[in-house]
Structures are given as C-alpha cells and as structure tokens.
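Notes for the one structure printed next.
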Amino acid sequence: MENELVAEILLSGSPGSREDLEPLLPGLVEDAFRRTLGTRGTGRLVEWSAEGDRITLRLDSDGGRPHQALLATARRLGEELGRSRKIGVRSFRAPRYRVSFAIGATNEAKITLALPHTLTVEGPRATLELLDLSEEALRDNWIDRAIQLVQEKAKRQGYEGKEQYWALLGKTAEKSHTGRADPTEEMIRRNWIRGGPTKGKWFLGPTAAHLLRTMERIARTEVLEPLGFEEVVQPHHDSFDILLKTGHLEGLPGEFYYVAEPTTRDPKAWETFTDLVTITRKVPMDELGRLVGPPSAVSCYAQCPTIYWWLSGRTIATESLPVKVFDRTAISNRYESGGRHGLERVDEFHRIEPVYLGTPDQLLELREALRARYAHVFDDILDLEWRTAWVTPFYLQQAGGVGVEDSERRIKGTIDYEAYLPYRGDRATSEWLEFQNLSIVGEKYTKAFTIRAQKGEIWSGCSGIGLERWLSAFLAQKGLDPKDWPSGFRDRVGKLPDEVRFL
Ligand code: ATP
Ligand code: ZN
Ligand code: MG
C-alpha cells in the first residue's frame, strides 16, 4: 500500500465496546473511502479498536490519500453517535502517517524537514512517515505540502553548485571610460555621501541626492510616462499574508527587515524604560524586548507584492488592460549581510517598480516597448556600456514553473540588465553589475491573488529600476566630473547643488 494512516478519534463519551460499534464504523469508513477516492484509488480499514472515549483506526489506501476519508468518517461518526447516543467527536489526530511517492535520485541524509518524521529513499521512491499530526494538520492537508517540499528539496540537490542560467541577449559596443575608480570611494572622498547610522545604508548629501533624483526623473519621463504608466503610492510595510501568497516567506526569510509594534503606547507601561534611559543614557534592551511584540510585517522588500494585493479579488475591465502602474514611494530594505558593497549593494535602496498586467500578447508587446525605451536611456542619455541576459533560476527552468520550452521561446522569465564596472577589472573576467531587470511571470501572481480579467487569461510582470544601481553604473563608467558626462545627462542634471563645505 502507498499510504498508511494511523488515527485516533477522541469522543465526548464512551460509545460502548467494539461489538457495539461493529455495525456502524466499518460501513462509515467504506462509504468515506468511496466518496473521497472515487475511481482514483482504493482504500480499506485495516484494523481498529475502541477503548473508553477513544477509537483507534488504521486506514490504508492506494491512488489517493486516506486522511480525506478520515475527515469524512469523523464527521459522519459525530452525526450518527450524536443522534443515537448523544456523543460527539471532540478531536482527532494521527500518531503516524506513512506515504510513499516518487522522487528524483537523492541523498536522503541531506533532506531535513521541520516536522517530526522519518524519511527513507530507495531507488526512485521515497517513504515519508510523519509523526503526531494534529487535527489542523490533517484538515489543512499538510501531508501533500510536506511531500511536495521533500520532492522539491531532492530536486534542488541536483542543481546545487550549478550556475544560474544566463544567456546573453545583446550588448553595446565596448566604450572607453573616463571613470576608473570605485564611485562609492570617490563620493565618500568628496563628502557627497556618508555611511549611514545603521547597517548598509547611506546618507546622500545634496549632490548625490540630486543625481539620484535625476536618474529617477529620467526613468519617469523617458520610460514610464511615454508608455502610459501611472504612479501609485503604496504602504511601506508588507503583511505576512501578502508574502505567503507570493512565496517570498519561503524563499527569502533571512533577507527581510522585520517590523514589530509596541505592545502598548501607554506612557505608564513605558515608565521603567524611560526612567532607565534617563538615568543610564543607554537603551535598556531587556525592557524594550518586553514592550515590543513579535514582528507583524516586513519592511518593503519589493514593491510588486503590495501592488498585487491592491488588485486582489478584483476583475479588471477589458478597457483597463493592460494595467500599467509604478510605485516609487516604498523604499526597499534587504538584509544583504556579507554581500554589502558600496552604494551598489545596500540594505536600503530606492527603486521604481513598474508593474503590468494584461493578456499574454499585451505583455509581450509591452516588454518590447519597455526594452526599447530603456535602450534609449542607456544609449542616448547615459551612454553606458551595458548588456542584457536571459536569466531564470535553474530549478525554475526545469520545474513546471517556467518550463524548458519557455526557456527556449523566452516568453516567461527575467531579463537582467548589466553594466560593466571598469574599477572591477577587465570586461571578460570581472563581475558586471545588475542595475535593473524586467520580468514576465505569467499567471503566477494573478492566480495567487485571484486577479481576473473580464475576459480570458491575465498575466503579469514587473521591472526593478534600482536607482542606486543606475547611479553607480553611470559614475563607475563616467567618473564624478560633470565635464566628462554625456551632454544628454548634463542637460537633465542642470546645475549641481552647492555642497556643504566642511572644515
Ligand atoms: P542581485 O542579484 O544583485 O542581488 P536581485 O536579483 O536580488 O539583485 P531583484 O530582487 O530582482 O534583484 O531587484 C530588482 C532590482 O533592485 C535590481 O536589478 C537592482 O537594481 C535593485 N536591487 C536589488 N537589491 C539591491 C541592493 N541590495 N542594493 C541596491 N539595489 C538593489
Ligand atoms: Zn517585482
Ligand atoms: Mg539579491
């Protein structure tokens, strides 16, 4: 048998001996299997016992899982015993639930799972035994998600160490660069920026701020406005609900800045805290820990999840498609840890995120229009040496998510824009900087957020315009001297602000 479930049903009283239940229980189980498995598979009651207020039973099945039959049995049993003996079902649980399923070749010792379990792999099949499953776990079908996760982890083992898929789409000619140095170092030297008061953040003085805002204006007036994008203003905190839907909470929990609320704003409750601050001039961390609750949200990681939330549960009129909006209000926070570098890889950055929804054809057309506008900015205004690459995480290409076929036809997936940074060494061997990207993700998020079109399929996508990255790429190639900047950019910058002079 593929699946074996040992379950206990707890009643509000004793229904009598096994003999008393014999005319009732086996029939209920049989019926439950028939209704939950249908023609998909077969199931049977292997053994059972009744003792006091507890019924223990073992349900085996092939071709479908037996816990649905357990749920149906518990419900019917409650109804029947309620009618005949005024006894109800209190709860049920599964001390043991064993399933076997197909798995790719794997090293079982390396697969861990955060539920009490044992896992064995033999050839192409795995056997997973989950222990002590609660009623909630059974009702909410944790078992199938656990199986999927084990299969996923096995698959990931196959890709470990393999490079992310990267295929060159196009590149500009090699250019000669006036910039040679690391622009962050240069900006620090000129007091344009100063390392922020907390991790991975920078304070941009008037000149750097002016340059960053110039980049933002160029993106808006040269890319987004001509293509009919409208601005939205979104909240800065993302709810856990949203990130559960996008999958970010499974994918990146170690990269968020978490947001916690005070448990109270009553000054009385904070009095010990404020007393200690006044007397010690230090932050009393223990007291603070007592007065601040656990995280309840995260600081914006990417803007698109909250834009999808805005549209969730809505049906969009044909005349409004494609929807083209962008947010430039929420500031992105990421815990980059060891990866931090200069103004290029920071824990807090400013990004414009255009998001688009429409029919597949509309989005493919829009992608080409965006690519053309971006090329105009990088060639005609910033005069960068840049390239584009088709990148899609390795596991996504193989897994149904994007599909091998799509990675050839290049419909769903991501295009990275990369700039050469002279200070990092020669073109061929040094790492180029991803300064923005452009994705079409198909139905992934429209499905997750139940966003419908008045008619037909609706896809979505987004593009991340990282302003610190635009600025870093530009200054790395052109240097910090306005006389070396291309005239298209100089015209748009206008007069640089007067810097504060320090003695
Ligand atoms: P990377 O591979 O460089 O970490 P990413 O794949 O994490 O980038 P996305 O999540 O796709 O980046 O974000 C979109 C854009 O946001 C990037 O192209 C970049 O412009 C910007 N961005 C992402 N992380 C940072 C960061 N730590 N500092 C500055 N800009 C960033
Ligand atoms: Zn996005
Ligand atoms: Mg990253």
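The numbering of the sequence shown is the working numbering, which starts it at 8 and goes up by one. Backbone N, C-alpha and C define an ideal beta-carbon position, used for all residues, glycine too. No experiment lies behind these values; they were computed from the predicted model shown.
Burial is judged here by how many other beta carbons sit within 10 angstroms of a residue's own beta carbon; lysine 331 has at least 16 and is buried.
The C-beta distance from histidine 383 to glutamate 237 rounds to 21 Å, too long to fall under 8 Å, and the pair is not in contact. Short note on arginine 358: C-beta closer than 7 Å to some heavy atom of the ligand ATP.
Here the alpha carbon of glutamine 158 sits roughly 11 Å from the alpha carbon of proline 131.
When Tyr424, Ser479, Lys275 are compared, the shortest CA-CA separation from leucine 377 is found for Tyr424.
With a cutoff of 7 Å, glycine 471 counts as near the ligand ZN, since its C-beta is closer than that to a heavy atom of the ligand.
DSSP places lysine 490 within a helical segment (H, G or I) once states are collapsed to three. Cα atoms of lysine 162 and isoleucine 110: separation of roughly 8 Å, rounded to the nearest angstrom. Fewer than three pairs of CB atoms, one per stretch, sit closer than 8 Å, so the segment 173 to 193 makes no contact with the segment 463 to 475. In this structure, alanine 79 lies near threonine 43, with their beta-carbon atoms less than 8 Å apart. In the structure shown, glycine 468 adopts extended strand secondary structure according to DSSP, grouped into three states.
Judged by DSSP in its simplified three-state form, arginine 352 adopts strand. Going by C-alpha positions, glutamate 54 is about 8 Å away from leucine 66.
In this structure, methionine 194 places its C-beta atom within 8 Å of the C-beta atom of leucine 487. Under a 10 Å Cβ-count criterion, phenylalanine 481 is classified as buried, with 16 or more other Cβ atoms of the shown protein chains found around its own Cβ.
Its chain contains Asn198, Gly212, Pro213 as the residues whose beta carbon lies nearer than 8 Å to that of valine 507, once the 5 sequence neighbours on both sides are disregarded; these appear in chain order. Under DSSP, serine 246 forms a beta bridge with Ala304.
Under DSSP, the beta-bridge partners assigned to arginine 394 are Lys178, Glu425. Cβ neighbours of leucine 140 within its own chain (closer than 6 Å, five residues either side excluded): Ala101, Tyr104. Distance between tryptophan 397 and arginine 434, taken at the CA atoms: about 19 Å. Nearest neighbour of glutamate 11 by Cα position, chosen from Gly34, Leu17, Pro73, turns out to be Pro73.
Distance from the CA atom of proline 361 to the CA atom of tryptophan 393, rounded to whole angstroms, is 21 Å. Annotation: the continuous beta strand (DSSP E) that includes alanine 14 extends over 10 to 18.
A distance below 8 Å separates the beta carbons of arginine 380 and leucine 234.
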